[in-house]
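Residue numbers (the working numbering): 37 to 328.
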């Protein structure tokens with residue numbers, strides 16, 4: 037079964053405003069590399085991804101990487117790839133705070149045709165990131181959601197071509213929120229990979245109406261993340277080589293050419309059971325909805 041690493045290693049034509057689902061997943065995985073650790077990627081001008089890959093031995097690039105991820109091999113493969121090596125990496129941000137409790141990471145990629153890809157990081161290996169996860173469903177919006185909207189506004193103002201925003205897990209949630217709040221006129225699409233959902237009241241109130249027809253959401257059948265809260269758009273089930281809740285790991289997802297291989301199995305009953313449990317909790321302690 038081909039994975040995202042295989043796809044990146046075999047992709048030969050430069051990315052030029054022709055982003056595919058597999059491309060989006062690759063960029064979404066790359067954001068788990070802490071580009072903010074290097075001066076080039078965190079600057080407004082940025083640098084090329086192939087230049088960042090030359091520094092792949094720097095340990096601080098992976099200080100928040102999850103043990104289940106293959107962040108260094110992906111960075112090295114993407115840097116050597118004709119499709120990804122020429123991407124400009126800029127405006128990398130990593131932010132961790134205890135008051136307010138929030139973990140946020142983002143980076144902007146710009147391809148050779150001028151298309152802009154805003155990528156938001158999901159939960160990383162930091163203690164703050166895991167602690168913050170408990171607030172989703174209990175508060176809306178969270179501090180990291182507000183930061184995501186501000187980052188998208190900034191990145192969009194600098195964009196000279198079409199804009200795509202994307203993320204995995206919590207990053208997918210941030211991408212959806214940011215696009216709904218701060219969608220630029222140039223927004224082409226939102227990619228959300230096994231994202232955390234939103235309070236039902238938020239979706240029912242039409243918060244995401246402006247994104248209709250521009251959201252691509254991919255989840256795995258065994259996930260325990262995306263079923264917990266409602267999602268604002270239909271989903272596509274994708275295959276994973278890892279079972280059950282472990283299938284949340286994007287490095288285990290199956291690619292098929294430039295697409296993600298579909299899974300014909302129904303969603304797991306355990307994910308649905310967890311969703312019912314969380315719904316019962318939220319009936320006792322409803323979501324606190326504030327201003328955006």
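All C-beta atoms, glycine included, are put in the ideal place defined by N, C-alpha and C.
Between the alpha carbons of residue 291 and residue 231 lies a distance of about 19 angstroms. Counting only runs that start and end inside the region 276-305, there is no beta strand (DSSP E) element of at least 3 residues. Bounds of the beta strand (DSSP E) holding residue 138 are 137-146.
Contact between the region 125-143 and the region 45-57 is absent: fewer than three C-beta pairs spanning the two stretches fall below 8 angstroms. The Cβ neighbour count for residue 321, taken over all protein chains shown within 10 Å, is under 16; the residue is labelled exposed. Listed in chain order, the non-local C-beta contacts of residue 187 below 6 angstroms within the same chain comprise 142, local neighbours out to five positions each way being set aside. Between the alpha carbons of residue 248 and residue 118 lies a distance of about 33 angstroms. When DSSP reads this structure, residue 130 sits in a beta bridge with 141.
Of the residues 261, 243, 326 and 173, the one whose Cα lies closest to the Cα of residue 316 is 173. Every alpha helix (DSSP H) stretch that sits fully inside the region 225-267 and reaches 4 residues is listed by chain position as 236-240.
In the structure shown, residue 67 falls within a coil segment according to DSSP collapsed to helix, strand and coil. Straight through space, the alpha carbons of residue 297 and residue 163 are spaced by roughly 33 angstroms.
The three-state reading of DSSP puts residue 203 in strand, counting E and B together. By the Cβ criterion, the region 275-293 is not in contact with the region 236-243, since fewer than three pairs of Cβ atoms, one from each stretch, lie closer than 8 angstroms.
Distances from the CA of residue 179 to each of 144, 75, 308 and 209 were compared; the closest alpha carbon is that of 209.
By the 16-neighbour rule on beta-carbons within 10 angstroms, residue 78 is buried.
Beta-bridge annotation (DSSP): residue 325 is paired with 176.
DSSP places residue 94 outside both helix and strand once states are collapsed to three, so it counts as coil. For residue 149 and residue 54, the gap between their C-alpha atoms comes out near 9 angstroms. About 6 angstroms separates the CB atoms of residue 84 and residue 124; that is less than 8 angstroms, so the two are in contact.
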